[in-house]
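Peer 1: This is the structure I have questions about; it appears just below.
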Amino acid sequence: MLILPAIDILGGKCVRLTHGDYDRTSVYGDDPAEQAKEFEDAGAEWLHVVDLDGAKEGKPVNVDAVRRIRASTGMKIELGGGIRSRSTALEVLEIGVDRVILGSALLSSPDEAAGLFQDLGDQVVAGIDMRDGMAAAHGWLTDSKVDGLELAKELEKNGCRRVIATDIATDGAMSGPNLEMIRRFAASLKMPVIASGGVTSIQDLRDLASAGAEGAIVGKALYEDAFSLEQALRDLIEATD
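Numbering that gives the first Met the number 0 numbers the first residue of the sequence shown as 0 and each following residue consecutively.
Put into structure tokens, the structure is as follows:
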């Protein structure tokens with residue numbers, strides 16, 4: 000299973016939100032590129048980056064920070080936050096990002112999202128953020144009446160090849176992941192599922208792997224030193240030997 004360390008960027012700084020609340024922000028560093036290099040040195044292959052300003056504004060804002068991350072690391076990068084059109088997705092990919100995450104566009108522009116899935120394949124991943132099972136949008140500030148799993152099923156029919164499933168209630172809360180949600184996603188979909196939200200321990204990673212997750216995004220647990228990235232990567236390698 001892949002471990003994707005997370006860098007959330009707000010005002011050019013590395014931060015983490017609790018339950019997706021912009022008023023509950025913890026700052027962990029002034030230089031996202033430096034943090035990315037630390038994750039790479041620890042052995043990470045993929046980096047999960049979210050432009051939190053972009054998620055609110057509806058277009059990428061921290062582009063310079065992403066460029067610096069790209070210049071400083073050879074890791075593969077996925078980027079979300081404000082990517083709501085074909086033109087924006089292509090601009091971000093030109094920076095050197097390996098894949099873009101569509102979130103709000105899944106609800107606001109479903110036809111355009113379907114076109115991107117079909118045209119760009121693995122370079123696009125669906126990011127479904129859920130509150131009580133229902134998809135949320137616009138930086139988690141707007142709730143919908145769309146069931147997250149049903150949305151994922153429809154996206155898969157439209158050519159989506161991978162989904163990131165986030166339980167907002169667990170994100171940044173250090174309370175453990177929503178394993179039942181991941182089990183349902185993994186059992187109901189053919190495409191790979193990446194789990195996001197609540198990882199607090201290496202055991203959580205083992206449990207997510209058993210639940211069928213292809214990978215797990217880890218943020219606050221690393222910044223709060225609940226465990227080290229090196230430990231987690233070593234544990235997962237040993238588990239598959």
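Heads up, the beta-carbon is just placed ideally off N, CA and C, and yes, glycines get one too.
These numbers were taken from a predicted model, which means no experiment stands behind them.
(1) Inspect the CB distances between the region 96 to 104 and the region 180 to 192 and report whether three or more fall short of 8 angstroms.
(2) Between ILE236, VAL162, GLY19 and ASP203, which has its C-alpha nearest ARG130's C-alpha?
(3) Going straight from the alpha carbon of LEU119 to that of GLU153, what length do you get?
(4) Any idea if ALA151 is buried or exposed, counting beta-carbon neighbours within 10 angstroms, 16 or more meaning buried?
(5) Quick one: what's ALA5 bridged to in DSSP?
(6) At a cut of 8 angstroms, does the region 163 to 179 reach the region 201 to 217 through at least three beta carbon pairs?
(7) Give the range of the alpha helix (DSSP H) segment to which ASP77 is assigned.
(8) Out of ALA238, ILE236, GLU237 and LEU232, which one is the CA nearest neighbour of ALA41?
(9) In terms of residues, what are the limits of the beta strand (DSSP E) holding ILE68?
(10) Among the candidates LEU148, ALA168, ILE167 and MET173, whose CA atom is the shortest distance from the CA of ARG161?
(11) Exposed or buried, ILE8, counting other C-beta atoms within 10 Å across all chains shown (16 or more means buried)?
(12) Expressed to the nearest angstrom, what Euclidean distance is found between the alpha-carbon atoms of ASP128 and GLU237?
(13) Which residues in the same chain as GLY57 place their Cβ atom closer than 7 angstroms to its Cβ, once the five residues preceding and following it in sequence are excluded?
(14) Could you give the distance in angstroms between the alpha-carbon of ALA113 and the alpha-carbon of ALA125?
(15) For LYS189, which of helix, strand or coil comes out of DSSP?
(16) How about GLY158 and GLN202: do their beta carbons lie closer than 7 angstroms?
Peer 2: Looking at the atomic coordinates:
(1) As far as the Cβ criterion goes, the region 96 to 104 does not touch the region 180 to 192, which means the pair count is below three.
(2) Closest in alpha carbon position to ARG130, among ILE236, VAL162, GLY19 and ASP203, is GLY19.
(3) GLU153 has its alpha-carbon roughly 18 angstroms from the corresponding atom of LEU119.
(4) The Cβ neighbour count for ALA151, taken over all protein chains shown within 10 Å, is at least 16; the residue is labelled buried.
(5) DSSP links ALA5 through a beta bridge to HIS47.
(6) Yes: at least three Cβ pairs fall under 8 angstroms.
(7) Note that residue 77 corresponds to Glu in the displayed sequence, not to Asp. That residue, GLU77, is in no alpha helix (DSSP H); its beta strand (DSSP E) goes 75 to 79.
(8) LEU232
(9) Annotation: ILE68 is outside any beta strand (DSSP E); the continuous alpha helix (DSSP H) that includes it extends over 62 to 71.
(10) Of the residues LEU148, ALA168, ILE167 and MET173, the one whose Cα lies closest to the Cα of ARG161 is LEU148.
(11) buried
(12) The alpha-carbon atoms of ASP128 and GLU237 are separated by roughly 31 angstroms.
(13) GLY81 and ARG83
(14) 10 angstroms
(15) coil
(16) no
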